[in-house]
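Working notes for the structure below.
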Amino acid sequence: MSCSGCSNAVNRVLQKKEGVTSVDIDLEKQSVLVKTDDAVSYDDVLATIAKTGKKVNGGQVIA
Numbered sequence: 000m001s002c003s004g005c006s007n008a009v010n011r012v013l014q015k016k017e018g019v020t021s022v023d024i025d026l027e028k029q030s031v032l033v034k035t036d037d038a039v040s041y042d043d044v045l046a047t048i049a050k051t052g053k054k055v056n057g058g059q060v061i062a
């Protein structure tokens, strides 16, 4: 994500995803922190971001 348009697209699809409780996007670090309830898996979040055409370089699940 290199611009606010990109981050807005990612934010929009994640906010619509049922079970997502918060989204924090940092353009400078090119990172997204997504908090979800237990019903949403890591793979679900990745698939949702992929809908925007953005590449996910890595991630982790924090319990």
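Note that the sequence shown covers residues 0 to 62 in numbering that gives the first Met the number 0.
Where a beta carbon is used, it is the ideal one built from N, C-alpha and C, also for glycine.
Predicted model, so just to flag it, every value in this text is computed and none were measured.
Residues bridged to residue i [DSSP beta-bridge criterion]
i     : result
Asp23 : Leu32
C-alpha gap between residue i and residue j, whole angstroms
i     : j     : result
Thr51 : Leu26 : 16 Å
Thr47 : Val19 : 11 Å
Asp37 : Val22 : 15 Å
Lys16 : Gln29 : 21 Å
N- and C-terminal bounds of the alpha helix (DSSP H) containing residue i
i     : result
Thr47 : 41–49
Lys5  : Lys is not the amino acid found at residue 5; the sequence shown has Cys there. Note, Cys5: alpha helix (DSSP H), 3–15.
Sequence-distant residues of its chain with Cβ nearer than 8 Å to residue i (five each side left out)
i     : result
Leu13 : Val19, Val22, Val31, Val33, Val44, Thr47, Ile48
Val55 : Leu45, Ile48, Ala49
Close Cβ partners of residue i (< 6 Å) along its chain, the five nearest in sequence each way excluded
i     : result
Gly57 : none
Val39 : Gly18
Sequence-distant residues of its chain with Cβ nearer than 7 Å to residue i (five each side left out)
i    : result
Cys5 : Lys53
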